[in-house]
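Asker: So that you can map any letter, position 23 of the sequence shown is 746 in the numbering used here, and since no number is skipped, the others follow by simple counting. For every residue, glycine included, the Cβ atom is placed at its ideal position computed from N, Cα and C. Treat the numbers as computed from the prediction; the structure is a model and nothing was measured.
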Amino acid sequence: MRSAVIEIEFEKERDLDIIFRSIEPEVKKRIPKTKVSINRTDNKMILRIESEDTSSLRAACNSFLRWIETARSVRDIFR
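Here's what the structure looks like:
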């Protein structure tokens, strides 16, 4: 089993809340050969990804990082 932990620190609690809530539905979806969990602590979002193989892990990491970046971009548009 391969795993990755991605921690993203936010300056504002509101930004953390917006991004966390936008990513949460994706975490609940089933991804083949992959388990994903998301947590919040203080001003950080912690994403844990476990996959059966390296290519599945890489694909899941890339997908979640893209979704997070997209959510941040949309947030910036509406500021």
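Quick one: grab the DSSP three-state call for ARG725.
Answerer: Three-state result, ARG725: strand.
Asker: State the DSSP-derived secondary structure class of GLU792, mapped to helix, strand or coil.
Answerer: Of the three classes helix, strand and coil, the one that applies to GLU792 here is helix, per DSSP.
Asker: Would you mind listing the alpha helix (DSSP H) stretches within the region 739-769 that are 4+ residues and don't spill past its ends, in chain order?
Answerer: Complete alpha helix (DSSP H) runs here, min 4: none at all.
Asker: Considering Cα atoms alone, identify which of SER726, ILE741, GLU730, ARG725 is closest to LYS767.
Answerer: Per the Cα distances, GLU730.
Asker: Kindly list the residues whose CB is nearer than 7 Å to the CB of SER744, restricted to its own chain and excluding five residues on each side of it in sequence; keep chain order.
Answerer: The residue asked about is misnamed: residue 744 is Arg in this sequence, not Ser. Closer than 7 Å at Cβ, skipping near neighbours: no residue.
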